[in-house]
Every structure is written in structure tokens, then in C-alpha cells.
Amino acid sequence: MDHILSVLIFLPAVAGILGFLVDKNSAKTYAITVAAIEFVISLWLWMSFDGTNSGLQFVEMFPIVSSFGINYYVGVDGISLFLIVLTTFMTMISLMSLTITDNVKNLVLSVLFLEMTMVGVFVALDAILFYVFWELSLVPMLYIIGAWGGPRRVYAAIKFFLYTFAGSLIMLVGMLVMAYLYYEATGVWSFEITEWHKFVLPFEYQLWLFAAFFIGFAIKVPMFPFHTWLPYAHGQAPTIGSVILAAVLLKMGTYGFVRFSLPMFPVASVYFIMPIAILSLIMIVYTAMVAYAQKDIKQVIAYSSVSHMGVIMLGLFAMNAEGLGGSIFLMISHGIVSGALFMLVGVIYDRKHTKLMSEFGGLASVMPKYATIFGIMLMASVGLPLTIGFVGEFLSLLGFYNVSHTITLIAGLTIILGAVYMLTLYKKTFFGPVEHEENRKLLDLNKVEMASLAPLVAVVIWLGVYPKPVLEPIDNSVKSLLSFMEEKTEALETRYDNSDEALEAIEEAKNIIVVSQNREAE
Amino acid sequence: MESLVYIALFAPLLGSLIAAAFGTTPKTLFTGIVTSSLLAVSMFASMILLAMAVSGAYIHVELMEWIGAGDLYIPFGFVVDEVSATMMVVVTIVSTMVHIYSIGYMEHDIGFNRFFSYLSAFVFSMLVLVMSDNFAGLFIGWEGVGLCSWLLVGFWYHKKDVTRDVNPSISPSWAANEAFIMNRIADLGMLIGLFLIYWFTGSLQYSEVFAAIGDVDMTIVYWIGIFLFIGAMGKSAQFPLHTWLADAMEGPTPVSALIHAATMVTAGVYLVIRANPIYDVVPDVGYFIACLGAFVAMFAATMALVNRDMKRIIAYSTLSQLGYMFVAAGLGAYWIALFHLATHAFFKALLFLGAGNVMHAMDDELDIKKMGALYRVMKPTAIFMILASVALAGIYPFAGFFSKDKILEVAFNEQTYILWFVLWVTAGLTAFYSFRLIMYVFFGKDRHTEWGAHPHEMPNFVLWAMSPLALLAVIAGWFEGWFHGYATNLLPDYAFSDATHHMVAMLIAVTTAVALGGIIYAIVRYRGNGPKKPTNVNSPVYKLLINQYYIPVIYENVVTKPYAKLSSMAWSIDMKVVDATVDFIANSIYGAGSTARGLQTGNLSKMLRLMAAGVAALLVAAVVYGTLR
Amino acid sequence: MVTLNDYLILSAILFSIGLIGVLRRKNLLLLFFATEIMLNAVNVAFAAISKFYGDLSGQMFAFFIIAIAASEVAVGLGLLIVWYKKKGTLDLDSLATMKG
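Chains as they are written, first to last, in my numbering: chain C, 1 to 522; chain H, 1001 to 1629; chain F, 2001 to 2100.
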């Protein structure tokens, strides 16, 4: 019980190594079993998590390089908890829906290693540990895209790897500078994120370090203009790769903002709100338009991911509990919905080996179950109330409205443009007469596909109707994060001899960071 | 009491889920019966609740928390007060009748079970919309009815896109998407309205918002009023978001009766009525709403004058009547708007169901010029439709007379004589086009035998399902006095000035005269073999009207096509600029590598020379740097 | 009187001879000679400066270098012999296996 997080991290890794001994015909079953156990453990973690406690729980720490303050330090709070559950859930579901038979053993073992790194990123509380898992996650993904992908898989895989890798190197430099500054100020080396959070940085350093971390995270998110690796990666990746990439890997970027940028550089975060908001706007509107122009179903969903990530970014920088909490909820919901959509595209690809919309049409008559589930996911994707998609989107936009009216108004176009490209996609694929005779013979969802999609549908509706079990712990952690940011801003004001620009930024930060309206009123 | 609320609300949902369970199987009659009876249960519960509300009860229940984040707290809370009880009764009565009607109408459709599932889901969403005690809950219903409208308009999704009249390409699925997207545009306005309400009053609960609205800055209230009304414009298809309503006639006719005439499209009016404390603070916004309403009333009526498509004519008349409701609501006469909403729901649903009967008889033909003399074979339908048309035209003592006349009086009382005049003219137009339809369909020359139609009346139970609506279309207006007293328990009363009081008889006479004039002209013009002097189809006015003022074409050319073009441009920018930049950076690094590769000759002496040159350069640099320092 | 300057000049001249040898010669054996000259040029400088400052560590370093140079020559010559046996030449231009 004390080591539940370590079990969560290393179970898939150990199982992955042992997996080499497993017979290749039973490898898939083996991996599903491991992923299911992992999922059950993460559920147990959720059950034993104290939702009213906003701090870190299940903390484990022992030193690795004590002279430099590098520790094995892990823990969860309300923010990371659900990302862990999302990771284990989506890994299990994507393994269940796996249809690749070629060299499948290596594929499932890669996925298990990937699961370790993803869980590791979300539980790590030491910067070096975080960085190690962060970079390690690239390797299995590189392998999955490069070995099981489409015709241009090598180009896509290398682009994905080098692009994100370049970004994270800059982030690493940022981490080292941060550690050095901490050492200079306190006389001890430490890479503990919690220690860094307490450390008040002068304004100018905040700006530079924010920028360094920003590049690392922004490429992962991916924010405009760093997003072009994503359509290639999705376009070439096998279904399981796309599902995990969209559902979990992208969330690592936004999670990084919550874990590092916001608490460590609160004033810089506020200072950079406008540029980030404008980039997010471009992401939302421009990629929604690009999505509309696509001919390939999978590319539409890939670009729609970018567009939705824009809303997440806006919510993150809303600097109030509504927006930030909504944004974290949106990470979960986008993970589930986009994962499901990619799985659905996989279903049709398995049957016809094409993803072009023009090859389909009228599928609703041929595959009614498939059309229904696709329809539900579509509605969740466009943010219909009582589906999971609405809660996060609504809260994110609501939160950012307090920062800027105009930007939120433009960002709100997402609900229109999202409907435009998704409904067009749906009409072209599912409505109208069946134009290609061979499509009449397409089979509806089989039992395995139903078994892997039905839980997703259930979650989409359950959390849409009753988001409280997830939203409440998130809300508690977010509120403590915000009040922490507020305190740090005040500490910065008193501790250093600030320049005029810095003072201005501090004033702005004090205005924008809202922990609670009621408290402001007092 | 609480359980009654839940029964009224969840019975349709239960029905929908039961029907959905059989959604992919072929027709099973019992899904129709189950959903209809569950709706009847809901209807009786609503009636009991209405009776309670009449006796002054105010029921407020909270099912559970929905969203709680930061200071935001949104419950699933439902309220039964004068307004929502009225809406519930109207919605459930019309829905129940439409359900029963549909059992007959959809008899031969393979999607029978699916249809009932959607239809009941719609009723559930509509009830959530009207019963919610907060704006977010209203938004759930708001989007829910939008979804069901999408599903139901696109019910015959397998039909191909075709070019018809002015529509470059239209099909049920196209119309469904258009309706959804148009509504989404308006929903953005609505969402912004909600954001404003939340950040300036701290809550989304009606009671708290209305209590706090007085302390909010006037400009903000203006914006709230405007943005909420933008939301209402989408659902109620007000100009310029009106095109979807006529296209939505692609859906099955019972759907048009229920959603696009009686209930969903009135949601916008309901919103304005519900948010009356907000609009009371900003009468200017209300005045704007009234002006737009009057404009739409006339605008839609003119398009109905020339159209040949039976359902579209009725759709335009719906649009026109919605304009009337907005005039009343905008001018502060909320109870009159609500009253017209209710009476309109009855007679317009009846009219649509009648049109459904005709379509059924005519093998889904919609062109009224291909019909005629159907009175002989479809007497009950003809009587129902004439009743509904008379009510629509506003002839005493039918329902439309009481509510519509009141709206004209309000316009007169506010001294907005232009609005009054517009509405007055529209009343004449309404009477004319309604009876043009009646004359073309039921009287005059038989034009259908020549193309081989075999008209036949609907089964009896279908006609029985229509009869309560017919009854209400006649008598609903008689409750005006009672309704006034009842509704104004919650809504602000509307006071007529003494001057108007003196003029009332005069106003009624003038309005009735114009309506009767319209009817008589239509009868005279279209009786027998049709008009002696046919309409000049080449006149610019006719062309303008038959092309719906060219608005669909303008939207196609100004919005849809440029957006598609812009999108593919954005895509090529993405590939040729953004991605190319990234690839350029990567390629220049690769390039630098392959250029530098030439240095690596592998020849030791060359490399030693390079090394020596490097050392020398470093030495020089060190010396220079040293002296510079 | 021989001053420190003279020793340093000698050392510099020797170093330059060595450097030119390294750069100009094509035979690996002669390259070795040239490197030895450069090492010894440095030794001279070390010894002279050590004497000038009266600090013995310079001379100690010189001894170190002599020892290392000796071992280096031993290993290096061994490699050269092997190379010569294999290729039959010690010409530098024939050694281009590291070409990029």
C-alpha cells in the first residue's frame, strides 16, 4: 500500500521484460492481463485517494544521487491522479482493441514500456526523474510508429522523435539552470519539484525559465506553430499508437504546464497570458479550418485534437479555479473522446484499408452500431451537454472569460467550427446513399470491438452527467495551487528589489489570479 | 409532489431508452405504444402540476449536483412555477398527440423504433429546458433539443443531396447539419451570455441571478440581454439565422409539427420570457427584439405568399408567428407572449399534422399546385386544417384571435405604430396565404388524378389523436382572462393605457377586417379553376420571394464556399509554410552536416594542418581578447 | 650570460621545428620524431622556468613527460611495426579509413 505508486510504475516494465519469455501467440492476452491489473491498481489508488486533501499523497522518496539532490520522489495529487487512471484505462482499452497480428509480441511489449513511462511522468516529483520518464516515453512511441506505421512511417517517426526531443533538451537546460539558481540561493542541490515550488525566483529569471520550459511543453501539446509533427505522426501511426498519442502523450505537455510553469513561475505565467492566448486562438480557429479541409478521416481527428488542445491551454491560463479545473477535466475528456475516435477510425480502416471519406458514404445503413457509437463520440467531441466533452470545455471557456472577453468570444468559435468539421465528416461518411457497392458488405462492430468501445461510451456519458467524482478532487488541488501562486506572487513583491516592469507584472498577476470570488469580495 | 415532477420529466426518457433498446430491430408496434403511454403519463403529471401551480404552489426540487468547480455550483434543479407548468402542459399535450399520430404516420417506415426513441428523447430535452431552475440546465435542454432536431431532421439520412428550387443541394442530412450549425452559432452567443451572468452575478441559478441583476452595471446587463437574445435567435430561427427552419422541413412531418412548430422553436421566446427581470432592466434591448420580431413576422409571411411547398408555407407561417411572440416579449408583455406561444402550439401542430395527412394521401408530394379538390376524400383532415387556419388567421372566437389581437394591442399601446402597422399587414398576409394553401389543397380543380395519386384518409386513431389539438385550437383562447390572472402571479403584468382601452373595439375591428379580407380574397382568387389572372412568375418581386430573398444563395456564396476555400488555403499554409519551416530547419542542420562532412577526409596530415590552424586561431583570439580586456 | 629568454627562445624554435615536421612530413615514423621534438621543447621550457622560479615542480613535470613520451614511443612504434607489416608502407596518405 505504501508503495502503490512504485508498483504502478514498474509493474508494466517488469511485466514487459518478463514478456519476452511469453509465447508470441499468447502475448496479446498477456499484455491485456497486465494492463488490466495495472488499471485495477490505479482504480484502487483512486479509491484510497483522499479527495478532500488537496496535497500530495502516497509519497515515496529515496535518494539516487544525494550529492546533487536527485531523488526517486513520487506522489499524486488531484491533478495527476486522473491522468494516471486515464493512462491505465486507455492503455488497457487500446490493447483490447488491437488488431495487428504482425510481430504483435514486440508491439504489446512496447506498449507496456510506454505505459511505465507515461505513469512515471505523471507521478514524478523530481525534475530529473520527470525528465527521464519524459524522454523515455519517446522511445517506445518511435518504435510503434516506425515499425507498425503506414507507408511514410520512418519520416513520421523521426520527425516526431527529433521535434519533441529538441524541445525537451531546451527544457532540460531550463531545469539545470533552475537547480543551479536554487543551489545559489540555498546552498544545497535539489531537484525536488516541491522544493522548487517554494523557491521564489526574481521576475527576470522567471521569464527566461518560463520560456525554456514553454518550448519543451508547447511542442508536446502541440501548440501552434509547433504542431506539424502531429498530423504526420497520427497519419502514419497504427491505431494503437494514435490512441495512446492523442489520449495520453499530448496531455504530458499540458500537465507539464500545471506541474512546473504555473507554480514555479506564477508572475511570468500571468505575464505571458496574452501571447499564449493568441497562440491558443490560432490553434483553435486555424486548425479547426484545416480539419475541415481534410479528406482523410484520421487527419480530421488529428487536427481536431490540436484544436481542442487549444481550449485546454486557454483554460490552463485562466488563472482561476473554474478555468484551471475545467482544463484538467478537459484533458481527461479529450483523452477519452479522441482515443475513442481514433479507435473508431481504426475499425473502418481494418475493414477497408483506407481512411478517405470519399470511399465511404451511407455507412449508417450498413453499420448502424458503429454509426451510433461514432455519433455519440462526435457529440462528445463537439461538446454537447451531458457528455464528457461539455463540462471541460464550458469551464475552460468560462474561466478564461474572466481574463479576456474578446479572446473567449473568438475561442468560442470552437463550438461552431468543431460542429462544422465533425458534422461534415459524419455526413460524408455515414449519411447519404451507399455509393460504393462493396461497402454494402462491411460488417458491423464485432464483439471485441464492442467490448472495447462500450466502456468508453459508458465513461463519456457517466462523467458527462455526473462529473463530480473527478471534478471534486481536481477542484481541491487546483484551489490550493492557485492560492499557492497567489502567495508566491506576494512573496516576490516583498522579497526582491523589483524593477518597474516586474512590479507591473506582479500587480497584474495579483489581479488576474482568482482563488475565489467570495474571498476577493471580503 | 416531488415524485410528480420526476415522473413528468423522466417518463419520456424512459420511453426513449426502451425504444432505443430496439433501435436497430425492425418495427415493433409496442415501442410506439409504450412511448406514447409514457408520454401520456408525463402529460397527466404535468396537468396535475399545472393545477398545483394554479393554486399557488411553487415546487423546486434538486436532483443532484452536476458541475461544481471554483465558486460555480450547478445542480440538476427543477422548478415548477406558472411559466414552466404552462410550458410543460403545452409540450406534453402536443407531444403525446404527435406520438400517437406518428404510430399511424410512420407505420411503414423501417426506422419506426428509432423514430420513437428520438422523439421521446426530444420531449425529455424540451422538458429539461423548460423545467430547469438555472441557465446551465436550460442550456442542457437547449443543446439536447438541438441534438434531437439533428437526429430527427436527418431521420431519412439515406437520401441523396439533390438540387431543388433555390437550394443548390439539399437532403435531410444536409438540412440537419445546417440546423445544428446555425443553432451552434447562436449557442455561442448564449454561452457568452451565461459567462457574463456568472462573472457578474456569481451564479447561474435563476433566483440568484434575478435577485442580483439590479446591482450589475447597466452596460453589462445590455450585453447579457443581447447575448441571450442571440441564443434565442438561433433556436427561434429569427433573421438572419432563419434559413434552417424552412430546410428542416426535410424531416418527417410529425417532427415538423412537434419540433419546428409547437415546441423547440418557441424555446427562444421562452428564454426571453424566463429572463424577463433582465430584459426589464434594459428596455432598449427589448425594443430591438420587438422590431426584429415584427420584421421577421412580415419577412416570413411574404415568403409564404408565393411558395408552392406545403410544408415550407407552414414553416414560414411559424416563423412569422414567432416574430409576433418576440414583439410581445420584447415590449414587456411577457404573459401575452406566453399565451400566444401556447395557442400557437396547438393550432400550428394541428396544421402540420393535417399537412402530414395530405402528404400521406399524395404519396409524399408537397407541391400544392399538384393537389386540389381533396375535400371530397379527406373531409376530417380538411376540417381540421381549416379550423387551424382560421385560428392562425385570428378570427373570433378561435384561439389565435385572442392571443394575436392582444399582441397588436400591445404594439399599439406602446405607441410603436410602425410595429403595429407591420403586424397588422402581416395579419392580412397570414390569412391570405393560409387560405391559399387550403384552397389549393382541398378545393378548386382536381389536379392530382392526372399524375396518378390515389388520395385516401388516414386511419381513425390518427384523426382522433388530432382532435384534442383541434379542440384546443378552438377553445384555448377562451381562457385568456383566467390565464392572465394566473401567469401574472410570476410574470410582470402588462398595463394598457386608458387611451388604448378606448380604442380596443376599434383595433379588433380593424384587425378582423384585414384578416377576413385576406381569407375572402384567397377564396375568391383560388376557387374553381384557379386564378383568372395567374401570378406573373417573371416579376422581380415574385422572383425575390420565391428565392427567399436570395438569402440561401448569399449564404452559400458568402459564407459556405469562402469558408471551404479558406480552409483549404489554411491547410496549404500549414503544409507549405509552417511545416516547411520546420523541415527547412531540420534540412539545414542535415545540410550543414553533409557540408562539414567534406572536412573529414580521413587524411591525417590534412587534419593536423587544420588542427594547427585552429590552435593558431585560438592563440590569436586569446591574445586579442587579452589585449581588449 | 644565458638568461631565461634564451631558453624560451630555444624552446620556441624547437617547438616550431617539431610543428613544421608534424605538418609537412608524410612518413609516420618521422611524424613521431617531430612530436618527440615538440615534447622536448616543452621540457626545456619547463626546466628553465622551474630553475627561474626556484620551484621544482616544473622539473618534475619534465620528468613525467619524458616518462610518458618513452612509453608513448614504445606503444606507438609497436603499432607502426604492425601497420608496416600489414600494409608495407608508413605513408600518411594511405591511412584514410576515417574518411567521412
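Ideal placement from N, C-alpha and C gives every residue a C-beta, glycine not left out. None of the values given here were measured: they were computed from a predicted structure.
query: Using a Cβ cut-off of 9 Å, which residues of the region 2064-2094 of chain F contact any Cβ in chain H, in chain order?; result: Leu2092, Asp2093
query: Please identify the residue among H:Leu1366, H:Asn1113, H:Ala1361 whose C-alpha is closest to the C-alpha of H:Tyr1375.; result: H:Ala1361
query: Quick check: H:Ala1290 and H:Gly1330, are their CB atoms within less than 8 Å of each other?; result: yes
query: Distance cutoff 8 Å, beta carbons only. Does H:Ile1018 sit that close to anything in chain C?; result: no
query: For my contact list, C:Leu45 and C:Ile9 are in at a C-beta cut-off of 8 Å; report their separation, rounded to the angstrom.; result: With a Cβ gap of about 12 Å, C:Leu45 and C:Ile9 do not count as contacting.
query: Output, in chain order, the set of chain C residues within a Cβ distance shorter than 7 Å of H:Trp1199.; result: Tyr401, Asn402
query: Along the chain, where does the alpha helix (DSSP H) that runs through H:Tyr1521 open and close?; result: 1498-1526
query: Taking its Cβ as the centre, do 16 or more other Cβ atoms sit within 10 Å of H:Lys1379, making it buried, or is it exposed?; result: exposed
query: Below 8 Å between beta carbons: does that hold for H:Thr1092 and H:Ser1042?; result: yes
query: Residues of chain H with a CB under 8 Å from the CB of F:Leu2023: which are they?; result: Ser1605, Leu1608, Arg1609, Ala1612
query: Short of 6 Å in beta carbon distance, which residues of its chain neighbour H:Val1422, apart from the five on each side in sequence? Order them along the chain.; result: Ala1294, Met1298
query: So which residues on chain B does C:Ile415 lean against when the C-beta distance must stay under 8 Å?; result: Judged by its chain identifiers, the structure shown contains no chain B, and its protein chains are C, H and F.
query: Would you say the region 89-98 of chain C touches the region 222-231 of chain C, given that touching needs at least three Cβ pairs under 8 Å?; result: no
query: So what does DSSP say about C:Phe534, is it helix, strand or coil?; result: Since the displayed chain C opens at 1 and closes at 522, residue 534 of chain C lies outside it and no answer follows.
query: Of all Cβ atoms in chain F, is any one closer than 8 Å to the Cβ of H:Gly1602?; result: yes
query: Is H:Ala1617 helix, strand or coil when you go by DSSP?; result: helix
query: Classify C:Ile64 as helix, strand or coil using the three-state DSSP reduction.; result: strand
query: Taking all protein chains shown into account, do 16 or more other C-beta atoms lie within 10 angstroms of the C-beta of C:Asn103, making it buried, or fewer, making it exposed?; result: exposed
query: Under the three-state reduction of DSSP, which class applies to C:Leu98: helix, strand or coil?; result: coil
query: Going by DSSP, name the residue or residues bridged to H:Glu1062.; result: H:Gly1077
query: Report buried or exposed for C:Glu192, applying the criterion of at least 16 other Cβ atoms within 10 angstroms of its Cβ.; result: buried
query: By the DSSP assignment, the beta strand (DSSP E) with H:Arg1164 in it spans what residues?; result: 1162-1164
query: Classify C:Ile70 as helix, strand or coil using the three-state DSSP reduction.; result: strand
query: Going by C-alpha distance, which of C:Ile145, C:Ser516, C:Phe342 is nearest C:Ala237?; result: C:Ile145
query: Applying a beta-carbon distance threshold of less than 7 Å, which residues of chain H neighbour F:Thr2097?; result: Gly1602
query: How about F:Trp2083 and F:Leu2092: do their beta carbons lie closer than 8 Å?; result: no
query: From C:Leu129 to C:Gly310, what does the alpha carbon distance come to, in whole angstroms?; result: 28 Å
query: Which word fits C:Gly339, buried or exposed, when buried means at least 16 other C-beta atoms lie within 10 angstroms of its C-beta?; result: buried
query: What does DSSP give as the partner residue(s) for H:Ala1612 in the beta ladder?; result: Note: H:Ala1612 sits in no beta bridge, so no partner.
query: Along the chain, where does the alpha helix (DSSP H) that runs through C:Ile244 open and close?; result: 239-244
query: Looking at the unbroken alpha helix (DSSP H) that takes in C:Glu435, where does it start and where does it end?; result: Taken as a continuous stretch (DSSP letters only), C:Glu435 belongs to no alpha helix (DSSP H), as it is neither H nor E.
query: By DSSP, does H:Ala1373 sit in helix, in strand, or in coil?; result: coil
query: Residues in the same chain with beta-carbon distance under 6 Å from H:Ser1036, minus the five sequence neighbours each way, listed in chain order, please.; result: His1099, Ile1100
query: So with CB distances below 7 Å, who are the chain C contacts of H:Leu1147?; result: Met379, Leu384
query: C:Ile415 to C:Val337, Cα distance in whole Å?; result: 15 Å
query: Less than 8 Å between CB atoms is the rule here; does H:Ser1236 satisfy it with respect to chain C?; result: no
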